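Participant:
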Amino acid sequence: MASLRFHDPGWHGDLKTPVVDGKYMDPKSGEIKAIEDDVTEDGHPGYYGGPPAVDIIVKSIHEDTIGCTYRAARPFPMEALLSAIMKIVKEKQLELDSVMATSYAIRVNLASKLTEDEFRKIGGRMMNAIYDEKE
Numbered sequence: 002m003a004s005l006r007f008h009d010p011g012w013h014g015d016l017k018t019p020v021v022d023g024k025y026m027d028p029k030s031g032e033i034k035a036i037e038d039d040v041t042e043d044g045h046p047g048y049y050g051g052p053p054a055v056d057i058i059v060k061s062i063h064e065d066t067i068g069c070t071y072r073a074a075r076p077f078p079m080e081a082l083l084s085a086i087m088k089i090v091k092e093k094q095l096e097l098d099s100v101m102a103t104s105y106a107i108r109v110n111l112a113s114k115l116t117e118d119e120f121r122k123i124g125g126r127m128m129n130a131i132y133d134e135k136e
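Numbering (my numbering), first residue to last: 2 to 136.
1. By the three-class DSSP mapping on this structure, what secondary structure does residue 84 have?
2. For residue 33, list the residues DSSP reports as bridge partners.
3. In this structure, does DSSP put residue 60 in helix, strand or coil?
4. Would you kindly work out how many angstroms separate the C-alpha atoms of residue 93 and residue 31, rounded to a whole number?
5. Which value, in whole angstroms, describes the spacing of the CA atoms of residue 78 and residue 114?
6. Quick one: using the 10 Å Cβ neighbour count with 16 as the cut-off for buried, is residue 125 buried or exposed?
7. Determine the burial state of residue 130: buried for a count of at least 16 other Cβ atoms within 10 Å of its Cβ, exposed for fewer.
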């Protein structure tokens, strides 16, 4: 699926401004800053894949894992991402509450009884399954 991948600029998580060549303009000061200086409290970079990347959110509505959410942005066409996600739903025989997909967003609400650890593993697989797809 590497041939389907497209360039997606990074976006600063807090300032909602593009990151280009590892730098962004701070709209408050007008200063150009390096993104590596911005790291979240848990050690993650302060930016994410922005438009035109597809924003994916997988949530659980089951009472045991109602607070579980997994989110990522991926630089692939929505159709390819949704196909890879649905293969995991079929493989794991997951119960779906709802699925919504637009050109730049996918929302999957799971109703299956899962532990938090199972949800994390399945959510991670859903976000990254596109990288395992063969052309």
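Beta carbons: idealized from backbone N, C-alpha and C, even for Gly.
If you're wondering where the values come from, they're calculated on a predicted model, not measured in any experiment.
Facilitator: Working from what's here:
1. helix
2. 26
3. strand
4. 49 Å
5. 30 Å
6. exposed
7. buried
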